[in-house]
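Presented below is the structure to which this report refers.
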Amino acid sequence: MSAKVAVIYYSSTGNVHQLAEAVAEGAEKAGAEVRLRRVPELAPDAAIDANPAWREHVEATKDVEVATLDDLEWADAYALGSPTRFGNIAAQLKQYLDTTGGLWQQGVMADKPATGFTSAHNANGGNESTLLALYNTLHHWGSIIVSPGYTNPVVYGAGGNPYGTSHPGGAGAPADATLEAARYQGERLARIAARLSDKS
């Protein structure tokens, strides 16, 4: 049985967007039906326009569908991505997560596998703490956290973060090794979701 995976993310200048696409590719490779969704931008135009890369990314991803709560109801598994903001997830993703109270009360996200990915300016810029902060929400949802751990050598090629794929954005766009780790993370999530969804 194939799984339905929602890849929901926020990205300002494109690094997390590239990771999200790679996670989605990996899940599709494992046979999953995937919804790639971005959360709404909350920053004012003045802030976005002050950074040409930010404005360029906003314009380039206008056609990516915006995440709704229906995506959480639809999916069997979740991959959530955010840049790090002072060691925490970005306000844009947090705002989306904060709207899930009704679904949480209904147990919609309970028992569904979920994972996270992130990008900070440098390797020690809060990547691990951002993923751990994100996973606090998943604990409250009752989701089953599916981190990559050290279950495949590609994790080491991307810096060896067992909590989820992470990227030091100050080095530029994600390298092939990092994207390969993200694909593996998506594939692993989809495989585990399919196992958990198999009622036979």
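Position 149 of the sequence shown, counted from 1, bears residue number 197 in our numbering, the numbering being contiguous throughout.
Beta carbons: idealized from backbone N, C-alpha and C, even for Gly.
Ala54 and Ala80: beta carbons closer than 8 Å?
If you number the sequence shown from 1, residue 54 lands on position 6. If you number the sequence shown from 1, residue 80 lands on position 32. No.
Just to confirm, are Val64 and Thr166 a CB contact at a threshold of 8 Å?
If you number the sequence shown from 1, residue 64 lands on position 16. If you number the sequence shown from 1, residue 166 lands on position 118. Closer than 8 Å, so yes.
Report the rounded CA-to-CA distance for Gly217 versus Asp146, giving the unit in angstroms.
Within the sequence shown, the letter at position 169 stands for residue 217. Within the sequence shown, the letter at position 98 stands for residue 146. For Gly217 and Asp146, the distance between alpha carbons rounds to 26 Å.
Are there 16 or more other CB atoms within 10 angstroms of the CB of Asp93, so buried, or fewer, so exposed?
By 1-based counting over the sequence shown, the position of residue 93 is 45. Under a 10 Å Cβ-count criterion, Asp93 is classified as exposed, with fewer than 16 other Cβ atoms of the shown protein chains found around its own Cβ.
Given a threshold of 16 other Cβ atoms within 10 Å of its Cβ, counted over all protein chains shown, does Asn209 qualify as buried or as exposed?
Residue mapping note: residue 209 aligns to position 161 of the sequence shown, counting from 1. Taking a 10 Å sphere around the C-beta of Asn209, we find 16 or more other C-beta atoms and assign the residue as buried.
Given a threshold of 16 other Cβ atoms within 10 Å of its Cβ, counted over all protein chains shown, does Ala95 qualify as buried or as exposed?
To locate residue 95, count along the sequence shown from 1; it is residue 47. Ala95 should be labelled exposed.
Give the range of the beta strand (DSSP E) segment to which Ala162 is assigned.
Indexing the sequence shown from 1 puts residue 162 at position 114. If you look at Ala162, you'll find it in the beta strand (DSSP E) that goes 161-168.
Residue interval of the beta strand (DSSP E) (run including Val203):
Position 155 of the sequence shown holds residue 203. From DSSP, Val203 is part of no beta strand (DSSP E) but of the alpha helix (DSSP H) over 202-205.
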